[in-house]
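For the sequence shown, our numbering puts the final residue at 481, and the numbers step up evenly by one.
Everything on this sheet refers to the single structure shown next.
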Amino acid sequence: MAQPRQTPPVKRVHIKTFGCQMNEYDSERMAEALGTAGYLPADDAAEADLVILNTCHIREKAADKVYSELGRMRLAKEARRREGRDTLIAVAGCVAQAEGQEIIARAPVVDLVVGPQSYHRLAALVAEAEAGGKGLVATDFPAEDKFAHLPQRARQRSKPSAFITVQEGCDKFCTFCVVPYTRGAEYSRAPSEIVAEAERLAAQEACEITLLGQNVNAYHGRGPDGQSWNLARLLRRLAELPSIARLRFTTSHPLDMDDELIALFGEEPKLMPYLHLPFQSGSDRILKAMNRKHTVADYEAVIAKVRTVRPDIALSTDIIVGFPGETDSDFADTMALAERARFAQAFTFKYSARPGTPAASFAGQVPEAAKHERLRRLQSLIDTHRRAFDLAAVGRRLPVLFEAKGRKPGQVAGRSPYLQPVYIEGPATLIGRIAPVDILAASPNSLTGVIKSGFEWREPVQAAE
Ligand code: SAM
Ligand code: SF4
């Protein structure tokens, strides 16, 4: 008599992501790679047979979070073991790359350490760990292209706004930054691979795509015509996809903002009026010590050009306070640049010494109290400008891409072209659509409004103003 066929038990993976959007993208790709190996997603670590912490090493605080999280994971693993279930624990991302074997020495609960360049080997490594492999570490920079070896993005959940990593790594070696060590040398994916990924995402109802890279505007992929394509050319090609209504890119370096890319802000309506362009410090002396290879004047010349072609652009930036040797006068220069530039958004950080980077051993480390005070003053200035930018939207009609339900019942949340969060009262059927919204108010972190009267909610609308 035929034996009933055994269905293999369902395995579940929980991925917790720390840090930047590139890590979020990597987490999606890891979930897809594990999906083909039979792992379904788990919302809760307690239900997972495999827990992956996708980590960030950019500042000390971010890296420390991993070890406190691993402490919690050890307790969860012990609780599951008491119920007769096993849990594999993996550390991925930039802490994995930077600390490798040391993680297992410090936290023996970890079964597997996998750096960002080895994600295409993840399913095989997990299988090895399941088979009893202990303390596996994969942190080399393999010669093969991981993107070409990751499974195609067929299992992606449909999201109105999607990310695609187009460029990874960095050759610029700012003296404070771990990225060149954790993500390796600069590498650009081929345009044909990116266009194919965008087409698949568009088929799954994405209508906005954000291109990601540590230095996204240094992008130079080999095109199907054999030529080197820059970011402007790639964006123009993606703009040809009919169901992609919005394009964005981040993060850019001031040195790589060429005139063709700047001009695109005035020429390509699908390119959203938002530019994230870190300046780090308003003092040329500190910029030199940071090895940024640009001056304050270079930076201001770039933003002046961008504002000429797109006067309404929302400019965003990253700023570090308390870099070694930063005096009150250097900091005053940073405040002055922020005052002149009037950013719509800014990410401000206290300098954090990172092991292995040149600045960690520079003389003149700034005391914590001074960093704290400078950060407070800078954030207060930035908040004033952000608020002014948001208030200028009140009374305007903006096309909003709705992405999710809001925090309150009956609310939907979306983004303006300037990346401002916008909330309205409306049906969930708006999610995935662009609709004209009359902005009524600006609260500290978002805008609220109403759909333009007479707008038909049920018909698909791509562009609306
Ligand atoms: N590639 C981008 C650029 O050139 O500006 C930035 C990438 S980095 C992942 C994001 C931001 O983290 C940087 O712009 C910088 O402001 C901040 N950052 C990097 N290293 C830091 C450190 N050691 N301490 C404080 N902030 C840091
Ligand atoms: Fe880090 Fe950006 Fe500098 Fe590269 S350019 S080293 S990613 S801050």
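Beta carbons are placed, not taken as given, at the ideal position from N, Cα and C, and that holds for glycine.
With 16 as the cutoff for other CB atoms within 10 Å, does residue i come out buried or exposed?
i      : result
Ala201 : exposed
Asp346 : buried
Phe189 : exposed
Arg402 : buried
Thr226 : buried
Pro207 : buried
His482 : Lying outside 17 to 481, the shown extent of the chain, residue 482 is not represented and no answer is given.
Lys150 : exposed
Ser432 : buried
Phe34  : buried
Gly442 : buried
Lys424 : exposed
Glu224 : buried
Gly426 : exposed
Arg326 : buried
Gly148 : exposed
Thr324 : exposed
Arg88  : exposed
Ala375 : buried
Across which residues does DSSP place residue i in a beta bridge pair?
i      : result
Phe418 : Gly430
Gly109 : Thr71
Asp334 : Phe363
Pro57  : Val29
Ser462 : Ser459
Tyr203 : Glu184
Val153 : Val129
Thr266 : Leu228
Ile440 : Val428 and Gly465
Arg413 : Asp454
His292 : Ser332
Phe179 : Thr226
Gly237 : Trp245
Gly287 : Here the sequence assigns Leu to residue 287, which means Gly is not the residue at that position. Leu263.
Leu66  : Val29 and Leu104
Assuming residue i and residue j are in contact, meaning their beta carbons sit under 8 angstroms apart, how far apart are those beta carbons, in whole angstroms?
i      : j      : result
Ala212 : Leu254 : Contact flag wrong, Cβ pair sits at about 11 angstroms.
Ser299 : Thr350 : 7 angstroms
Gly465 : Ile440 : 6 angstroms
Val453 : Val416 : 5 angstroms
Ser177 : Ala218 : Not a contact, Cβ separation roughly 12 angstroms.
Lys32  : Leu56  : Lys32 to Leu56, Cβ: 16 angstroms. No contact.
Asp334 : Pro294 : 4 angstroms
His557 : Ala123 : The chain is shown from 17 up to 481; residue 557 falls before or after that span and cannot be answered.
Phe339 : Phe192 : 7 angstroms
Leaving out five residues before and five after residue i in sequence, what residues of the same chain have Cβ atoms less than 6 angstroms from its Cβ?
i      : result
Asn461 : none
His292 : Thr266, Thr267 and Ser332
Ser368 : Arg75 and Glu76
Val318 : Pro270 and Met273
Val182 : Arg205, Ile210, Leu227, Gly229 and Tyr235
Asp127 : Leu104, Ile105 and Ala145
Ala458 : Asp406, Leu407 and Val410
His310 : Pro270 and Leu271
Quick one: what's got a C-beta closer than 7 angstroms to residue i's C-beta in the same chain, skipping five residues either side?
i      : result
Arg184 : Note on residue identity: the sequence assigns Glu, not Arg, to residue 184. The answer, listed in chain order, is Arg199, Tyr203, Gly229 and Gln230.
Ala484 : This structure does not reach residue 484, given that the chain is present from 17 up to 481, and the question cannot be answered.
Asp272 : Asn231, Asn233 and Ala234
Leu391 : Val337, Thr364 and Lys366
Val130 : Ala106, Ala108, Ala112, Leu138, Leu141 and Ala154
Arg171 : Note on Arg171: pLDDT 47, under 50, position unreliable in the model; no value is reported.
Arg301 : Asp346
Ala330 : Pro289, Tyr290, Ala360, Gln361, Phe405, Tyr434 and Leu435
Val477 : Residue placement at Val477 cannot be trusted, given a pLDDT of 45 that sits under 50; what the coordinates show is reported in the next sentence. The answer, listed in chain order, is Arg449, Ile450 and Ala451.
Arg238 : Ala206 and Ser244
Phe179 : Gln37, Glu40, Tyr41, Thr226 and Leu228
Arg358 : His401
Val195 : Cys186 and Gln230
Arg308 : Cys190 and Gln296
Between which residues of its own chain and residue i is the CB-CB distance below 8 angstroms, once the five residues before and five after are set aside?
i      : result
Thr397 : According to the sequence as given, residue 397 is Leu; it is not Thr. So the list reads Met351, Ala354 and Glu355, once near-sequence residues are dropped.
Leu50  : Val29, Leu66, Leu138, Ala139 and Val142
Tyr135 : Asp42, Arg45, Met46, Ala49, Ala108, Lys162 and Leu166
Glu146 : Leu104
Glu284 : Leu251, Arg252, Ala255 and Leu263
Ala95  : Ala62
Lys27  : Gly54, Tyr55, Leu56, Asp65 and Leu66
Ile120 : Val126, Val129, Gly151 and Val153
Leu303 : Gln296, Ser297, His310, Thr311 and Val312
Shorter than 7 angstroms, the distance from the beta carbon of residue i to the closest heavy atom of ligand 3, or not?
i      : result
Arg403 : Among the ligands modelled here, namely ligand 1 and ligand 2, ligand 3 does not occur.
- prompt: Can you list every residue whose CB sits closer than 5 angstroms to some heavy atom of ligand 2, going in chain order?
  reply: Listed by chain position, these are Cys186, Lys188, Cys190, Cys193, Val195 and Gln230.
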